[in-house]
(Lines of atoms letter the chains of each structure in order from A and count residues from 1; the text may use other names and numbers.)
(Lines give C-alpha, C1' and ligand atoms only; values in the text may rest on other atoms or scores of the structure.)
Protein backbone atom coordinates (compact mmCIF):
# COMPACT_ATOMS: atom_id res chain seq x y z
CA UNK A 1 0.00 0.00 0.00
CA UNK A 2 2.75 2.47 0.97
CA UNK A 3 4.71 1.77 -2.19
CA UNK A 4 1.62 2.38 -4.35
CA UNK A 5 0.91 5.72 -2.69
CA UNK A 6 4.53 6.78 -3.07
CA UNK A 7 4.43 6.03 -6.81
CA UNK A 8 1.18 7.99 -7.23
CA UNK A 9 2.52 11.03 -5.37
CA UNK A 10 5.87 10.97 -7.18
CA UNK A 11 4.07 10.95 -10.54
CA UNK A 12 1.77 13.78 -9.39
CA UNK A 13 4.69 15.94 -8.21
CA UNK A 14 6.65 15.36 -11.41
CA UNK A 15 3.68 16.36 -13.58
CA UNK A 16 2.78 19.45 -11.53
CA UNK A 17 6.38 20.69 -11.34
CA UNK A 18 6.67 20.31 -15.13
CA UNK A 19 3.52 22.43 -15.58
CA UNK A 20 4.71 25.18 -13.22
CA UNK A 21 8.22 25.17 -14.72
CA UNK A 22 6.83 25.59 -18.25
CA UNK A 23 5.01 28.80 -17.31
CA UNK A 24 6.90 32.06 -16.89
CA UNK A 25 6.23 33.68 -13.52
CA UNK A 26 8.37 36.70 -12.54
CA UNK A 27 6.34 37.32 -9.37
CA UNK A 28 8.25 35.33 -6.74
CA UNK A 29 5.47 35.11 -4.09
CA UNK A 30 3.10 33.61 -6.68
CA UNK A 31 5.80 31.17 -7.79
CA UNK A 32 6.27 30.16 -4.16
CA UNK A 33 2.52 29.71 -3.75
CA UNK A 34 2.49 27.31 -6.72
CA UNK A 35 5.01 25.00 -5.08
CA UNK A 36 3.25 25.23 -1.72
CA UNK A 37 0.04 24.06 -3.44
CA UNK A 38 1.88 21.06 -4.91
CA UNK A 39 3.10 20.11 -1.43
CA UNK A 40 -0.36 20.54 0.11
CA UNK A 41 -2.07 18.47 -2.60
CA UNK A 42 0.61 15.77 -2.33
CA UNK A 43 0.08 15.39 1.42
CA UNK A 44 -3.71 15.36 1.04
CA UNK A 45 -3.41 12.40 -1.34
CA UNK A 46 -1.71 10.40 1.43
CA UNK A 47 -4.26 11.13 4.18
CA UNK A 48 -6.91 8.74 5.48
CA UNK A 49 -10.35 10.19 4.86
CA UNK A 50 -11.94 9.47 8.24
CA UNK A 51 -9.64 11.21 10.75
CA UNK A 52 -10.69 14.88 10.34
CA UNK A 53 -7.20 15.87 9.18
CA UNK A 54 -6.67 18.94 7.00
CA UNK A 55 -3.79 20.60 5.18
CA UNK A 56 -3.86 24.37 5.59
CA UNK A 57 -1.74 27.51 5.66
CA UNK A 58 -1.83 29.83 8.61
CA UNK A 59 -0.61 30.41 12.11
CA UNK A 60 0.05 28.55 15.33
CA UNK A 61 -1.26 30.59 18.24
CA UNK A 62 1.65 32.12 20.10
CA UNK A 63 3.85 32.44 17.01
CA UNK A 64 3.86 35.52 14.74
CA UNK A 65 5.18 33.90 11.57
CA UNK A 66 2.96 32.32 8.93
CA UNK A 67 3.47 28.60 8.25
CA UNK A 68 3.47 27.62 4.56
CA UNK A 69 1.75 24.32 5.15
CA UNK A 70 0.34 22.59 8.25
CA UNK A 71 -1.25 19.19 8.76
CA UNK A 72 -3.84 19.80 11.46
CA UNK A 73 -6.70 18.09 13.24
CA UNK A 74 -10.19 19.57 13.46
CA UNK A 75 -11.51 22.98 12.55
CA UNK A 76 -9.31 26.00 13.12
CA UNK A 77 -10.27 29.66 13.21
CA UNK A 78 -10.29 31.22 9.75
CA UNK A 79 -8.67 34.62 9.45
CA UNK A 80 -11.36 36.75 7.82
CA UNK A 81 -12.08 35.53 4.31
CA UNK A 82 -8.51 34.45 3.61
CA UNK A 83 -7.28 30.88 3.26
CA UNK A 84 -5.25 31.18 6.47
CA UNK A 85 -6.25 29.54 9.75
CA UNK A 86 -5.25 29.78 13.41
CA UNK A 87 -4.60 26.54 15.31
CA UNK A 88 -3.53 25.70 18.84
CA UNK A 89 -0.26 23.80 19.03
CA UNK A 90 -1.95 20.64 20.36
CA UNK A 91 -3.90 20.26 17.10
CA UNK A 92 -0.88 20.63 14.80
CA UNK A 93 0.69 17.38 13.61
CA UNK A 94 3.12 18.56 10.92
CA UNK A 95 4.53 21.92 9.77
CA UNK A 96 6.28 22.43 6.43
CA UNK A 97 8.33 25.20 4.93
CA UNK A 98 8.34 24.85 1.14
CA UNK A 99 11.14 26.10 -1.12
CA UNK A 100 11.34 25.93 -4.92
CA UNK A 101 15.13 25.84 -4.66
CA UNK A 102 16.77 25.17 -1.32
CA UNK A 103 20.05 27.04 -0.94
CA UNK A 104 21.93 27.73 2.29
CA UNK A 105 20.14 31.02 2.92
CA UNK A 106 16.74 29.38 2.51
CA UNK A 107 17.82 26.41 4.63
CA UNK A 108 18.81 28.70 7.52
CA UNK A 109 15.65 30.79 7.09
CA UNK A 110 13.38 27.72 7.10
CA UNK A 111 15.17 26.25 10.12
CA UNK A 112 14.75 29.49 12.08
CA UNK A 113 11.11 29.66 11.00
CA UNK A 114 10.29 26.16 12.26
CA UNK A 115 12.40 25.94 15.43
CA UNK A 116 10.03 28.13 17.50
CA UNK A 117 7.28 25.55 16.88
CA UNK A 118 9.14 23.19 19.22
CA UNK A 119 9.58 26.00 21.75
CA UNK A 120 5.81 26.57 21.90
CA UNK A 121 5.23 22.82 22.15
CA UNK A 122 7.80 22.57 24.96
CA UNK A 123 6.16 25.40 26.91
CA UNK A 124 2.83 23.58 26.72
CA UNK A 125 4.55 20.33 27.70
CA UNK A 126 6.05 21.98 30.82
CA UNK A 127 2.74 23.64 31.72
CA UNK A 128 1.02 20.25 31.70
CA UNK A 129 3.73 18.76 33.92
CA UNK A 130 3.23 21.61 36.39
CA UNK A 131 -0.46 20.68 36.45
CA UNK A 132 0.41 17.03 37.11
CA UNK A 133 -0.57 15.96 33.59
CA UNK A 134 2.13 13.45 32.73
CA UNK A 135 2.87 12.08 29.24
CA UNK A 136 2.64 8.45 28.21
CA UNK A 137 6.24 7.21 28.06
CA UNK A 138 5.59 3.63 26.93
CA UNK A 139 6.63 4.15 23.30
CA UNK A 140 9.63 6.31 24.26
CA UNK A 141 10.56 3.56 26.71
CA UNK A 142 10.64 1.03 23.85
CA UNK A 143 12.67 3.36 21.64
CA UNK A 144 15.16 3.93 24.45
CA UNK A 145 15.55 0.19 24.92
CA UNK A 146 16.03 -0.45 21.20
CA UNK A 147 18.66 2.30 20.96
CA UNK A 148 20.63 1.51 24.10
CA UNK A 149 19.82 -2.14 24.84
CA UNK A 150 18.82 -1.05 28.36
CA UNK A 151 15.40 -0.94 29.98
CA UNK A 152 14.36 2.40 31.42
CA UNK A 153 11.31 3.40 33.38
CA UNK A 154 8.10 3.82 31.42
CA UNK A 155 6.66 6.38 33.85
CA UNK A 156 7.57 10.06 33.64
CA UNK A 157 7.35 10.51 37.40
CA UNK A 158 10.12 7.93 37.87
CA UNK A 159 12.68 9.70 35.68
CA UNK A 160 13.99 11.61 38.72
CA UNK A 161 15.13 8.27 40.13
CA UNK A 162 16.85 7.14 36.93
CA UNK A 163 20.50 7.75 35.93
CA UNK A 164 20.63 11.36 34.78
CA UNK A 165 21.86 10.66 31.24
CA UNK A 166 19.16 7.99 30.79
CA UNK A 167 16.53 10.46 31.96
CA UNK A 168 17.86 13.06 29.50
CA UNK A 169 17.40 10.69 26.56
CA UNK A 170 14.01 9.47 27.77
CA UNK A 171 12.85 13.08 28.09
CA UNK A 172 13.89 13.91 24.51
CA UNK A 173 12.34 10.72 23.08
CA UNK A 174 9.06 11.43 24.89
CA UNK A 175 8.93 15.01 23.63
CA UNK A 176 9.77 13.95 20.07
CA UNK A 177 6.63 11.82 20.02
CA UNK A 178 4.51 14.67 21.42
CA UNK A 179 5.75 17.65 19.39
CA UNK A 180 4.74 18.53 15.80
CA UNK A 181 6.90 17.15 13.00
CA UNK A 182 8.93 19.85 11.20
CA UNK A 183 9.75 19.47 7.50
CA UNK A 184 11.78 21.69 5.15
CA UNK A 185 10.74 20.65 1.64
CA UNK A 186 12.98 21.87 -1.17
CA UNK A 187 12.06 20.82 -4.71
CA UNK A 188 15.45 21.75 -6.12
CA UNK A 189 18.75 22.86 -4.72
CA UNK A 190 21.74 20.82 -3.69
CA UNK A 191 23.15 18.54 -6.37
CA UNK A 192 25.12 16.34 -3.99
CA UNK A 193 24.42 14.63 -0.69
CA UNK A 194 27.61 16.03 0.81
CA UNK A 195 26.60 19.56 -0.25
CA UNK A 196 23.36 19.36 1.73
CA UNK A 197 25.10 17.75 4.72
CA UNK A 198 27.88 20.33 4.78
CA UNK A 199 25.50 23.29 4.48
CA UNK A 200 23.53 22.05 7.47
CA UNK A 201 26.64 21.40 9.55
CA UNK A 202 28.08 24.81 8.61
CA UNK A 203 24.93 26.47 9.93
CA UNK A 204 25.05 24.54 13.21
CA UNK A 205 28.75 25.22 13.73
CA UNK A 206 28.32 28.96 13.06
CA UNK A 207 25.44 29.28 15.53
CA UNK A 208 25.65 30.17 19.20
CA UNK A 209 25.46 26.84 21.11
CA UNK A 210 23.48 28.57 23.85
CA UNK A 211 20.60 29.34 21.50
CA UNK A 212 17.42 27.35 22.08
CA UNK A 213 17.10 26.62 18.37
CA UNK A 214 20.06 24.23 18.55
CA UNK A 215 18.47 21.69 20.89
CA UNK A 216 17.65 18.20 19.62
CA UNK A 217 13.93 18.98 19.66
CA UNK A 218 14.50 22.08 17.51
CA UNK A 219 16.17 20.15 14.68
CA UNK A 220 13.88 19.56 11.68
CA UNK A 221 12.54 16.01 11.35
CA UNK A 222 13.16 16.08 7.62
CA UNK A 223 15.00 18.34 5.16
CA UNK A 224 14.73 17.57 1.44
CA UNK A 225 16.55 19.11 -1.49
CA UNK A 226 16.26 17.70 -5.01
CA UNK A 227 16.97 13.97 -4.51
CA UNK A 228 18.65 14.22 -1.12
CA UNK A 229 17.36 14.25 2.45
CA UNK A 230 18.46 14.80 6.02
CA UNK A 231 16.25 13.25 8.66
CA UNK A 232 16.08 12.75 12.40
CA UNK A 233 16.47 9.31 13.93
CA UNK A 234 14.81 10.07 17.23
CA UNK A 235 11.94 7.62 17.03
CA UNK A 236 9.35 8.96 14.60
CA UNK A 237 9.69 6.49 12.94
CA UNK A 238 13.44 5.82 12.76
CA UNK A 239 15.16 4.11 15.70
CA UNK A 240 18.94 3.62 15.32
CA UNK A 241 21.52 1.76 17.38
CA UNK A 242 24.25 3.46 19.38
CA UNK A 243 27.31 4.26 17.28
CA UNK A 244 30.65 4.44 19.10
CA UNK A 245 28.63 4.84 22.29
CA UNK A 246 26.79 7.91 20.95
CA UNK A 247 23.15 8.35 19.91
CA UNK A 248 22.74 8.95 16.13
CA UNK A 249 20.13 11.71 15.86
CA UNK A 250 20.36 12.70 12.18
CA UNK A 251 21.25 10.87 8.99
CA UNK A 252 21.21 11.52 5.25
CA UNK A 253 19.74 9.58 2.37
CA UNK A 254 19.39 9.84 -1.40
CA UNK A 255 16.70 9.09 -3.95
CA UNK A 256 13.76 8.43 -1.62
CA UNK A 257 12.47 11.89 -0.76
CA UNK A 258 8.74 11.19 -1.10
CA UNK A 259 9.03 7.88 0.74
CA UNK A 260 10.71 9.52 3.72
CA UNK A 261 8.13 12.29 3.80
CA UNK A 262 5.20 9.86 3.82
CA UNK A 263 6.85 7.65 6.44
CA UNK A 264 7.39 10.61 8.76
CA UNK A 265 3.89 12.00 8.25
CA UNK A 266 2.17 8.63 8.56
CA UNK A 267 4.09 7.85 11.74
CA UNK A 268 2.89 11.11 13.27
CA UNK A 269 -0.70 10.41 12.20
CA UNK A 270 -0.49 6.92 13.68
CA UNK A 271 0.75 8.30 17.00
CA UNK A 272 -1.61 11.29 17.15
CA UNK A 273 -4.77 9.46 16.06
CA UNK A 274 -3.90 6.08 17.59
CA UNK A 275 -4.50 4.27 14.29
CA UNK A 276 -2.59 1.74 12.24
CA UNK A 277 -1.58 3.10 8.86
CA UNK A 278 -1.64 0.87 5.72
CA UNK A 279 2.11 0.28 5.56
CA UNK A 280 1.76 -2.93 3.58
CA UNK A 281 4.32 -5.72 3.45
CA UNK A 282 7.28 -3.93 1.83
CA UNK A 283 10.56 -5.61 2.85
CA UNK A 284 12.98 -3.00 1.48
CA UNK A 285 14.85 -0.81 3.98
CA UNK A 286 16.74 2.20 2.67
CA UNK A 287 20.25 2.63 4.00
CA UNK A 288 21.50 5.95 5.31
CA UNK A 289 24.68 7.75 6.34
CA UNK A 290 24.94 9.06 9.90
CA UNK A 291 25.30 12.85 10.10
CA UNK A 292 24.93 13.87 13.75
CA UNK A 293 25.45 11.97 16.99
CA UNK A 294 24.54 13.21 20.45
CA UNK A 295 26.39 12.68 23.72
CA UNK A 296 24.67 13.58 27.02
CA UNK A 297 26.78 15.84 29.23
CA UNK A 298 25.92 16.38 32.89
CA UNK A 299 27.77 18.37 35.55
CA UNK A 300 26.82 17.15 39.02
CA UNK A 301 28.29 20.21 40.72
CA UNK A 302 26.06 22.70 38.93
CA UNK A 303 23.30 20.13 38.35
CA UNK A 304 23.11 21.18 34.71
CA UNK A 305 23.25 19.15 31.55
CA UNK A 306 23.04 19.30 27.80
CA UNK A 307 23.99 17.55 24.59
CA UNK A 308 27.31 17.57 22.78
CA UNK A 309 27.04 16.96 19.04
CA UNK A 310 29.53 14.84 17.11
CA UNK A 311 29.61 14.86 13.31
CA UNK A 312 30.37 12.32 10.63
CA UNK A 313 31.73 13.98 7.48
CA UNK A 314 32.50 11.48 4.69
CA UNK A 315 33.36 12.96 1.30
CA UNK A 316 31.04 12.84 -1.70
CA UNK A 317 32.93 9.96 -3.30
CA UNK A 318 32.23 7.83 -0.26
CA UNK A 319 28.58 8.91 -0.06
CA UNK A 320 28.05 8.36 -3.78
CA UNK A 321 29.00 4.70 -3.68
CA UNK A 322 26.06 2.42 -4.56
CA UNK A 323 23.81 2.17 -1.54
CA UNK A 324 21.27 -0.52 -2.31
CA UNK A 325 18.29 -1.09 -0.09
CA UNK A 326 18.69 -3.85 2.44
CA UNK A 327 15.96 -6.38 3.08
CA UNK A 328 13.96 -6.31 6.27
CA UNK A 329 14.55 -9.46 8.29
CA UNK A 330 12.97 -10.80 11.46
CA UNK A 331 15.12 -11.74 14.42
CA UNK A 332 16.48 -15.25 13.92
CA UNK A 333 17.09 -17.72 16.73
CA UNK A 334 18.98 -20.96 16.17
CA UNK A 335 17.61 -24.16 17.61
CA UNK A 336 19.85 -23.69 20.66
CA UNK A 337 18.65 -20.10 21.23
CA UNK A 338 14.99 -20.91 20.54
CA UNK A 339 14.73 -22.31 24.04
CA UNK A 340 15.17 -18.73 25.28
CA UNK A 341 12.04 -17.63 23.41
CA UNK A 342 10.13 -20.53 24.90
CA UNK A 343 11.37 -19.48 28.34
CA UNK A 344 10.24 -15.86 27.84
CA UNK A 345 6.82 -17.03 26.72
CA UNK A 346 6.16 -18.20 30.27
CA UNK A 347 8.62 -16.17 32.35
CA UNK A 348 9.03 -12.42 32.73
CA UNK A 349 12.79 -12.41 32.14
CA UNK A 350 16.03 -14.26 31.51
CA UNK A 351 18.59 -14.15 34.30
CA UNK A 352 22.10 -13.89 32.85
CA UNK A 353 23.51 -15.38 36.03
CA UNK A 354 21.26 -18.45 35.92
CA UNK A 355 22.53 -21.91 35.08
CA UNK A 356 19.90 -22.06 32.31
CA UNK A 357 21.31 -18.99 30.53
CA UNK A 358 24.88 -20.22 30.86
CA UNK A 359 23.95 -23.69 29.56
CA UNK A 360 22.34 -22.19 26.44
CA UNK A 361 25.53 -20.20 25.77
CA UNK A 362 27.61 -23.35 26.10
CA UNK A 363 25.29 -25.29 23.79
CA UNK A 364 25.46 -22.48 21.21
CA UNK A 365 29.26 -22.40 21.44
CA UNK A 366 29.48 -18.75 22.49
CA UNK A 367 30.30 -16.83 25.66
CA UNK A 368 27.67 -15.47 28.05
CA UNK A 369 28.46 -11.93 26.86
CA UNK A 370 28.16 -12.91 23.20
CA UNK A 371 24.77 -14.47 23.94
CA UNK A 372 23.66 -11.31 25.69
CA UNK A 373 24.80 -9.14 22.73
CA UNK A 374 23.05 -11.43 20.24
CA UNK A 375 19.75 -11.10 22.08
CA UNK A 376 19.95 -7.29 22.44
CA UNK A 377 20.72 -6.81 18.72
CA UNK A 378 17.28 -8.24 17.89
CA UNK A 379 15.69 -5.01 19.26
CA UNK A 380 12.86 -7.07 20.68
CA UNK A 381 14.68 -7.55 23.99
CA UNK A 382 16.65 -5.33 26.35
CA UNK A 383 18.57 -5.61 29.60
CA UNK A 384 17.48 -4.47 33.04
CA UNK A 385 19.83 -3.78 35.95
CA UNK A 386 22.76 -5.32 34.00
CA UNK A 387 21.31 -8.76 34.69
CA UNK A 388 17.80 -9.48 33.44
CA UNK A 389 16.78 -9.69 29.77
CA UNK A 390 13.16 -9.43 28.75
CA UNK A 391 10.86 -8.54 25.87
CA UNK A 392 10.30 -4.81 25.36
CA UNK A 393 7.44 -4.94 22.82
CA UNK A 394 3.71 -5.24 23.52
CA UNK A 395 3.39 -8.16 21.11
CA UNK A 396 5.99 -10.55 19.68
CA UNK A 397 5.04 -13.03 16.95
CA UNK A 398 7.22 -16.15 16.85
CA UNK A 399 7.38 -18.80 14.12
CA UNK A 400 8.86 -22.30 14.35
CA UNK A 401 10.71 -22.88 11.06
CA UNK A 402 10.57 -26.19 9.22
CA UNK A 403 14.27 -25.69 8.57
CA UNK A 404 14.93 -25.46 12.30
CA UNK A 405 15.14 -22.55 14.70
CA UNK A 406 12.67 -19.69 15.10
CA UNK A 407 12.07 -16.15 13.82
CA UNK A 408 10.37 -13.36 15.74
CA UNK A 409 9.03 -9.84 15.18
CA UNK A 410 6.27 -7.52 16.33
CA UNK A 411 5.19 -7.05 12.67
CA UNK A 412 3.17 -10.13 11.73
CA UNK A 413 2.42 -8.91 8.16
CA UNK A 414 6.09 -8.45 7.35
CA UNK A 415 6.89 -11.75 9.04
CA UNK A 416 4.52 -13.60 6.70
CA UNK A 417 5.77 -11.63 3.68
CA UNK A 418 9.38 -12.50 4.50
CA UNK A 419 8.54 -16.20 4.80
CA UNK A 420 6.73 -16.13 1.45
CA UNK A 421 9.49 -14.24 -0.37
CA UNK A 422 12.16 -16.63 0.90
CA UNK A 423 10.10 -19.78 0.18
CA UNK A 424 10.15 -20.75 3.82
CA UNK A 425 7.37 -22.13 5.93
CA UNK A 426 6.61 -22.48 9.58
CA UNK A 427 5.28 -25.43 11.46
CA UNK A 428 3.67 -23.40 14.20
CA UNK A 429 3.33 -19.95 15.76
CA UNK A 430 3.40 -18.45 19.22
CA UNK A 431 2.40 -14.96 20.25
CA UNK A 432 3.83 -13.23 23.31
CA UNK A 433 1.54 -10.54 24.71
CA UNK A 434 2.87 -8.11 27.26
CA UNK A 435 -0.41 -7.11 28.86
CA UNK A 436 1.11 -4.12 30.69
CA UNK A 437 2.69 -2.55 27.61
CA UNK A 438 -0.28 -3.43 25.42
CA UNK A 439 -2.56 -1.53 27.76
CA UNK A 440 -0.24 1.50 27.56
CA UNK A 441 0.08 1.45 23.75
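In the working numbering, the protein residues as written are 12 to 452.
Even for Gly, the Cβ is constructed at its ideal location relative to N, Cα and C.
Keep in mind that this is a model prediction, so the values were computed, not measured.
### Neighbourhood of residue 126 by C-beta distance below 7 angstroms, restricted to the same chain and skipping five residues each side
As a position in the chain shown, residue 126 is number 115, starting the count at 1. Excluding residues within five positions, the ones whose Cβ falls inside 7 angstroms are 224 and 229.
### Query
How big is the Cα-Cα spacing for residue 449 and residue 211?
Within the chain shown, residue 449 is the residue found at index 438, counting from 1. Within the chain shown, residue 211 is the residue found at index 200, counting from 1. Here the model assigns residue 449 a pLDDT of 44, short of 50, so the residue's position is not dependable and the matter cannot be decided.
### Task
Using only alpha-carbon positions, find the residue among 27, 349, 430 and 33 that is nearest to residue 51.
On the chain shown, residue 51 is found 40 positions in, with the first residue counted as 1. The residue with the shortest Cα to Cα distance from residue 51 is 27.
### Query
Pick from 311, 313 and 320: whose alpha carbon is nearest that of residue 305?
On the chain shown, residue 305 is found 294 positions in, with the first residue counted as 1. Of the residues 311, 313 and 320, the one whose Cα lies closest to the Cα of residue 305 is 320.
### Query
Given residue 418, which residues of its chain have a CB within under 6 angstroms of its CB, disregarding the five upstream and five downstream residues?
Here residue 418 is taken as the residue at index 407 of the chain shown, counted from 1. For residue 418, the CB contacts under 6 angstroms within the same chain, skipping 5 residues up- and downstream, are 341, 343 and 410 in chain order.
### alpha helix (DSSP H) runs wholly inside the segment 133-162, at least 4 long, in chain order
149-159
### Where the beta strand (DSSP E) containing residue 318 begins and where it ends
Residue 318 sits at position 307 when you count from the first residue of the chain shown. That run of the beta strand (DSSP E) goes 315-322.
#### Entry: Extent of the continuous beta strand (DSSP E) to which residue 95 belongs
The residue labelled residue 95 in the question sits at position 84 within the chain shown. If you look at residue 95, you'll find it in the beta strand (DSSP E) that goes 95-98.
### Message
Just to confirm my understanding: we take residue 393, look at its own chain, exclude 5 residues before and 5 after, and list those with CB closer than 8 angstroms. What are they?
### Response
As a first step, residue 393 must be located in the chain shown, where it is residue number 382. Excluding sequence neighbours, residue 393 sits near 156, 157, 159, 160, 161, 162, 387, 400, 401 and 403.
### For residue 80, the nearest candidate out of 165, 92 and 65 (CA to CA)
Here residue 80 is taken as the residue at index 69 of the chain shown, counted from 1. The shortest Cα separation from residue 80 among 165, 92 and 65 belongs to 65.
#### Entry: For residue 248 and residue 115, the rounded distance between their alpha carbons
In the chain shown, counting from the first residue as 1, residue 115 sits at position 104. In the chain shown, counting from the first residue as 1, residue 248 sits at position 237. Looking at the two C-alpha atoms, the distance is approximately 27 angstroms.
### Query
DSSP three-state call for residue 413: helix, strand or coil?
Against the chain shown, residue 413 aligns to sequence position 402. Three-state DSSP puts residue 413 in coil, outside helix and strand.
### Task
Ignore the nearest five residues each way along the sequence and tell me which others in residue 452's own chain have a CB closer than 8 angstroms to its CB.
Within the chain shown, residue 452 is the residue found at index 441, counting from 1. Caution applies to residue 452, whose pLDDT of 44 falls short of 50 and renders its modelled position unreliable; the model cannot decide the point.
### Query
Taking buried to mean at least 16 other C-beta atoms within 10 Å of its own C-beta, is residue 165 buried or exposed?
Sequence index remark: in the chain shown, residue 165 carries index 154 (1-based). Residue 165 comes out buried.
### Query
Which residue comes first and which comes last in the beta strand (DSSP E) that contains residue 258?
Mapped onto the chain shown, residue 258 falls at position 247. Per DSSP, residue 258 belongs to the beta strand (DSSP E) from 258-265.
### Task
For the alpha helix (DSSP H) containing residue 41, list its first residue and its last residue.
Taking the first residue of the chain shown as position 1, residue 41 is located at position 30. It spans 39-55 - the alpha helix (DSSP H) in which residue 41 sits, taken as one unbroken run.
### Message
Out of 255, 205 and 218, which one is the CA nearest neighbour of residue 236?
### Response
Taking the chain shown and counting its residues from 1, the one referred to as residue 236 is at position 225. Closest in C-alpha terms to residue 236, from the list 255, 205 and 218, comes 205.
### Task
Run the proximity test for residue 437: is its beta-carbon closer than 7 angstroms to any non-hydrogen atom belonging to the ligand MN?
Questions concerning the ligand MN fall outside what the structure shown contains, since it holds no ligand whatsoever.
### Message
Looking at the strands, I want to know which residues DSSP matches up with residue 356.
### Response
Translated into the one-based positions of the chain shown, residue 356 becomes position 345. Under DSSP, residue 356 shares a beta bridge with no residue.
#### Entry: Per-residue burial, residue 25 [other beta carbons within 10 Å of its own, 16 or more giving buried]
One-based indexing of the chain shown puts residue 25 at position 14. That one is exposed.
### Query
Per DSSP, residue 392 is paired with what?
For the purposes of this step, residue 392 is identified with residue 381 of the chain shown, where counting begins at 1. Under the DSSP definition of a beta bridge, residue 392 partners with 402.
### Message
Within a Cβ cutoff of 8 angstroms, which residues of the same chain sit near residue 345, ignoring the five residues on either side of it in sequence?
### Response
For the purposes of this step, residue 345 is identified with residue 334 of the chain shown, where counting begins at 1. These residues qualify, in order along the chain: 375, 415 and 416.
### Message
Out of 325, 197, 137 and 271, which one is the CA nearest neighbour of residue 14?
### Response
By 1-based counting over the chain shown, the position of residue 14 is 3. Of 325, 197, 137 and 271, the residue nearest in Cα terms is 271.
### Query
Based on Cα-Cα distance, which residue from 371, 219 and 29 lies nearest to residue 199?
Locating residue 199 in the chain shown gives position 188, counting from the first residue. Its Cα nearest to that of residue 199, the residue 29 stands out among 371, 219 and 29.
### Task
State the DSSP-derived secondary structure class of residue 299, mapped to helix, strand or coil.
The residue you call residue 299 lines up with position 288 of the chain shown. In this structure, residue 299 counts as coil in the three-state DSSP scheme.
### Helix, strand or coil at residue 361 [DSSP, three-state]
Reading the chain shown from its first residue, position 350 is the one you call residue 361. The answer is strand: DSSP assigns residue 361 an E or B state.
### Buried versus exposed call for residue 438 [16 or more other C-beta atoms within 10 Å across all chains shown]
By 1-based counting over the chain shown, the position of residue 438 is 427. When all chains shown are included, residue 438 counts as exposed.
#### Entry: Outcome for residue 70 when other beta-carbon atoms lying within 10 angstroms are tallied against a minimum of 16
Indexing the chain shown from 1 puts residue 70 at position 59. Looking at its Cβ environment, which holds 16 or more other Cβ atoms inside 10 Å, residue 70 is buried.
### Query
By Cβ distance below 8 angstroms, which residues in the same chain neighbour residue 310 in space, the five residues on each side in sequence not counted?
In the chain shown, counting from the first residue as 1, residue 310 sits at position 299. Within the same chain, residue 310 has close Cβ partners 316.
### Task
Following the continuous alpha helix (DSSP H) through residue 329, name the residue where it begins and the one where it ends.
The residue given as residue 329 occupies position 318 in the chain shown. Counting along the chain, the alpha helix (DSSP H) containing residue 329 begins and ends at 327-330.
### Task
Return yes when the Cβ of residue 98 is within less than 8 angstroms of the Cβ of residue 91, no when it is not.
Within the chain shown, numbered from 1, the residue matching residue 91 stands at position 80. Within the chain shown, numbered from 1, the residue matching residue 98 stands at position 87. Not a contact, by the Cβ cut-off of 8 angstroms.
### Query
Per DSSP, residue 89 forms a beta bridge with which residues?
By 1-based counting over the chain shown, the position of residue 89 is 78. 96, per the DSSP bridge assignment.
#### Entry: Backbone CA spacing between residue 349 and residue 368 [nearest angstrom]
On the chain shown, position 338 is the one that residue 349 refers to. On the chain shown, position 357 is the one that residue 368 refers to. Going from the Cα of residue 349 to the Cα of residue 368 covers about 12 angstroms.
### Query
Measuring CA to CA, which of 133, 55, 78 and 175 is closest to residue 308?
For the purposes of this step, residue 308 is taken as residue 297 along the chain shown, with counting starting at 1. Comparing Cα-Cα distances from residue 308 to each of 133, 55, 78 and 175, the minimum goes to 175.
### Task
Identify which residue in 333, 422, 339 and 370 has its Cα closest to the Cα of residue 351.
Along the chain shown, read from residue 1 onward, the residue named residue 351 stands at position 340. Comparing Cα-Cα distances from residue 351 to each of 333, 422, 339 and 370, the minimum goes to 370.
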